[in-house]
Each structure stands twice: as structure tokens, then as C-alpha cells.
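Residue numbers (our numbering): 389 to 523. Just so it is clear, CB atoms sit at the ideal spot from N, CA and C, and this is done for glycine as well. Note that the coordinates shown come from a computational prediction; the quantities given were computed from them, not determined experimentally.
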Ligand SMILES: [Zn+2]
């Protein structure tokens, strides 16, 4: 059976700074200059005040697990070899939430409010995914 390739991120002009940063081992989010709202996922307009005056800032990379699931069966074909793996919503200390994976730990040890720190997983020469490990 042919190996199924994992999907790669679909990017556009306003998400490219995020992927450029992860490739360099940095986690960045957006901040509205006018109302100070922290923003993730990348957007062209502040969802709080509709300003287009948005800048990129480096995030601390620290946060907590807001919610999660452990995938132990029925994973998409490209992810079968990864099971069991943890898909989690991580709430960064900056207040935004990010869908990611929890790595470098026993999936059974993951719990809500667990402190985590960003790590970086290169998937090819172009893209590096932010993932999280126990702090
Ligand atoms: Zn704003």
C-alpha cells in the first residue's frame, strides 16, 4: 500500500510571517496596535476593533492545555504511524488559543491546565510546526 503523505500548511500573504518565524524556532502572534488585542490565527483585521493596524510579536511560547484528545484509533491514513498522539487546544500566556500537538510525554499524562512550552517540529525544508511539550 502506498504511503500517504501528511498535509502541509496552506499559506497566504498574511500567514507567511508566522511560518517564517517557526522555521527560525520562534513563535509569533499578532497584536493590534490600536486596542492591544492579541490575535491568533493570523488575520488582516483586528477581530476586536476592526483596525488594520496589526503587528507581529514574539510569544513567550508558554501556556496551558485548555482541552485535548488522545487519538488511539481511526486516525487519518497519514497519521496512523503516530498513534497514540495528543491533539490539544493550548491557551498561550498571551491569551490566544492554538490547536497543536502535545509531544515528548506519555499521552495518558496529559491533562487540562497542564503547563506546556512550545517546541518546533520540522516537517520539510519549508515548514516547521509549533508543538508543545510539558513545562
Ligand atoms: Zn484592535
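Identity of the residue in 446, 522, 517, 521 nearest residue 398 by Cα: Among 446, 522, 517, 521, the Cα nearest to that of residue 398 is on 517.
For residue 480: DSSP bridge partner residues: Per DSSP, 451.
CB of residue 410 within 8 angstroms of CB of residue 508, strictly: Yes, the Cβ-Cβ distance between residue 410 and residue 508 is below 8 angstroms.
Whether residue 421 touches residue 445 by CB criterion (8 angstroms): In this structure, residue 445 does not lie closer than 8 angstroms to residue 421 by Cβ.
Environment of residue 476 [buried if 16+ CB atoms lie within 10 Å]: By the neighbour-count criterion, in which a residue is buried when 16 or more other Cβ atoms sit within 10 angstroms of its Cβ, residue 476 is buried.
Near ligand 1: residue 493 beta-carbon under 7 angstroms from a heavy atom: No, Cβ of residue 493 sits at least 7 angstroms from all heavy atoms of ligand 1.
Distance, residue 452 Cα to residue 503 Cα: Looking at the two C-alpha atoms, the distance is approximately 4 angstroms.
Spatial neighbours of residue 406 in its chain, beta-carbon cut-off 7 angstroms, leaving aside the 5 residues before and after: Counting only Cβ-Cβ distances below 7 angstroms, and skipping sequence neighbours, we find 416, 430.
Proximity to residue 470 [Cα-Cα], best of 454, 492, 485: For residue 470, the nearest C-alpha among the options comes from 492.
Short Cβ contact (8 angstroms threshold) for residue 515 with residue 490: Cβ distance not < 8 angstroms, so residue 515 and residue 490 don't count as in contact.
Distance between residue 418 and residue 440 (C-alpha atoms, nearest Å): Each residue's CA atom was taken as its position, placing residue 440 and residue 418 some 11 angstroms apart.
Inter-residue spacing [alpha-carbon to alpha-carbon] between residue 500 and residue 478: Computed Cα separation, rounded: 9 angstroms.
Identity of the residue in 512, 486, 464, 483 nearest residue 392 by Cα: Shortest Cα-Cα distance from residue 392 to any of 512, 486, 464, 483 involves 464.
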